[in-house]
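Read in UniProt numbering, the sequence shown has 20 at position 20, and its numbers run on one by one without any break. The structure under discussion appears below in the form of structure tokens.
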Amino acid sequence: MKAAFYSEHGTVDVLDIGTQPRPVLKSNQVLVKAEYASLNPCDFKFRRAKIPLSFVSDFLFPKPKIPAVDVSGLVVSVGSDVTNLSVGDRVAATQPIIHTRWGTLAEFSAVDASHAAIVPASISLRDAAAVSLVGLTAVQALSNVKTKRGDRILIHAGSGGLGSFAVQWASKVLKLNVSATASSKNQKFLSSLGAHNPIDYGLNSWDKNSPNYDVILDPMSYAYEKRTLSGDSNVISPTGHYLNIASSSWDLKGGVEEANGLSTYTNIFTYGVKNFLSRIGLKEKGVSYSFVAVEPCGEQLAMIFKEIEDDNIRAVVDSEFEFNVEGVREAYRRLETGRAKGKILVKMTF
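See below:
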């Protein structure tokens, strides 16, 4: 099959397109012929990661590695144990990213049936691919929190792929009072998504005169967690809940635009300890703390599609690229600027 792949870690220049073996279907899987793939920061952060021990690299990211985790397309084959999906179904799914060489920038993806959801006829496969990982991340993160109508939430990076979905979900589905950060040029965009209080992060004022948020959803915890939970900060309520979305910085020392994917992976233990302590009542400043690493889930994806059908949520697409070497590289260049407004897609034409 035709697939994008890389055989070593590095910049977009290590990405190539060529022939790779088609995945062997397990009994609990369906084979999906791709129509669209959606890109996420985790793709390039792990591609860029400098892993000193080759056996560790091979364990986490067997090579050649096919990038991307979101796919939409048609079911062309069904495993013997699958009863909920059939050949010809339009589906979308999110795949695991580590401990596997398989990704979704490929002609075919073998998807666990429990990870896939049927895409309703009223929703395009383009839109379905755009909401998969980001939708699951927002839904799973906010399921950690008991909220009531009107509770105050702050969502960082509200105009990005995750943020643009989370703002809509919090505002229109959960009926929360939403503040969200973005650049000055994206303030009206935040309002169009349902944000009640758009905040210009360029003014660096999101933690000044804050209303003691009940919830903070933070995909930029590497930059904001310390400021949020410091002893002299009142940005979050003493009974609030801080949601740390698994992430790492685009920018390392020296201003080099480079993301260290391992900084998230190696900090999972630290975040896990914070999670555990929070759950048993030993909380920093009294604030509940959750570290959120998304899990594929077809049932939740189907719930997201229902909200799209009900006009509560819309897919937000920044740009679309063709499935060729330059198209894939350019798509990741766009993503790596950190300036995408919504999701970046690749149209899987063969």
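The beta-carbon is built from N, C-alpha and C at its ideal position, and this holds for glycine as well.
For residue i and residue j, I'd like the C-alpha separation in whole angstroms.
i, j, result
"I308", "V91", "15 Å"
"V317", "K226", "32 Å"
"G286", "Q168", "28 Å"
"Y213", "P64", "44 Å"
"Y332", "L39", "8 Å"
"K253", "S237", "Confidence at K253 is low in this model, with a pLDDT of 35, below 50, so its placement is unreliable and no value can be given for it."
"V82", "D112", "9 Å"
"S164", "G135", "10 Å"
"Q187", "P198", "6 Å"
"M1", "K306", "33 Å"
"A315", "V173", "15 Å"
"T349", "S109", "14 Å"
"P62", "Y36", "23 Å"
"T239", "S288", "7 Å"
"V215", "H241", "5 Å"
"D151", "S179", "11 Å"
"A246", "Y224", "13 Å"
"E257", "E336", "In this predicted model, E257 has a pLDDT of only 35, less than 50, meaning its place in the structure is not dependable; the value taken from the coordinates is given anyway. Roughly 8 Å separates the two Cα atoms."
"H115", "C297", "5 Å"
"V24", "L85", "18 Å"
"F189", "A166", "14 Å"
"D89", "N209", "51 Å"
"D70", "L301", "12 Å"
"G17", "V328", "One point to set straight first is that residue 17 is Ile, not Gly, in the sequence displayed. Their Cα atoms are separated by approximately 9 Å."
Name the two residues that bound the continuous alpha helix (DSSP H) containing residue i.
i, result
"L229", "S221 to L229"
"A331", "V325 to E336"
"F305", "G298 to E309"
"K188", "Q187 to L193"
"D127", "L125 to L142"
"F165", "G161 to Q168"
Here's the rule I'm using: 16 or more other beta-carbon atoms within 10 Å means buried, otherwise exposed. How should residue i be labelled?
i, result
"V131", "buried"
"T264", "Because T264 sits at a pLDDT of 47, beneath the cut-off of 50, its placement in the model cannot be relied upon, and the point is left open."
"K45", "buried"
"A121", "exposed"
"L142", "buried"
"D310", "exposed"
"S171", "buried"
"residue 352", "Past the boundaries of the shown model lies residue 352; the chain is included only from 1 to 350, so the question cannot be answered."
"S184", "exposed"
"T19", "exposed"
"L203", "exposed"
"I304", "buried"
"S7", "exposed"
"P211", "exposed"
"E326", "exposed"
"D58", "exposed"
"L262", "Confidence at L262 is low in this model, with a pLDDT of 48, below 50, so its placement is unreliable and the value that follows should be read with caution. Result: buried."
"D232", "exposed"
Check the C-beta distance from residue i over to residue j and give it rounded, since I have them as a contact under 8 Å.
i, j, result
"L162", "A138", "6 Å"
"W206", "L154", "7 Å"
"R47", "P67", "6 Å"
"N144", "L243", "7 Å"
"H140", "V12", "Inspection of the sequence shows that residue 140 is occupied by Gln rather than by His. Contact doesn't hold; Cβ gap of about 29 Å is too wide."
"V87", "S77", "7 Å"
"F323", "E330", "Between E330 and F323 the Cβ distance is about 12 Å, and since that is not below 8 Å, they are no contact."
"H156", "P96", "Not quite, the Cβ-Cβ distance comes to about 25 Å (not below 8 Å), so this is no contact."
"A34", "A106", "7 Å"
"A195", "G160", "The Cβ separation is near 13 Å, so there is no contact."
Just curious, the beta strand (DSSP E) that residue i is in, first and last residue?
i, result
"T239", "I236 to I245"
"I155", "R152 to I155"
"Y289", "S288 to V292"
"D207", "Unbroken run through D207: none, as it is neither H nor E."
"S319", "V317 to E322"
"K343", "K343 to K347"
"T147", "Segment: none, T147 is in no beta strand (DSSP E) and carries neither H nor E."
"D112", "F108 to D112"
"residue 355", "Only positions 1 to 350 of the chain appear in the structure, and residue 355 is not among them; the question remains open."
"N197", "N197 to D200"
Is the closest heavy atom of the ligand SAM to the C-beta of residue i under 7 Å?
i, result
"D310", "Looking for the ligand SAM in the displayed structure turns up nothing, as the structure carries no ligands at all."
Can you list the beta strand (DSSP E) stretches of 3 or more residues lying completely in the stretch 13 to 80, in chain order? Taking only runs of at least 3 residues, the beta strand (DSSP E) segments lying wholly in the stretch 13 to 80 are 16 to 19, 29 to 38 and 70 to 78.
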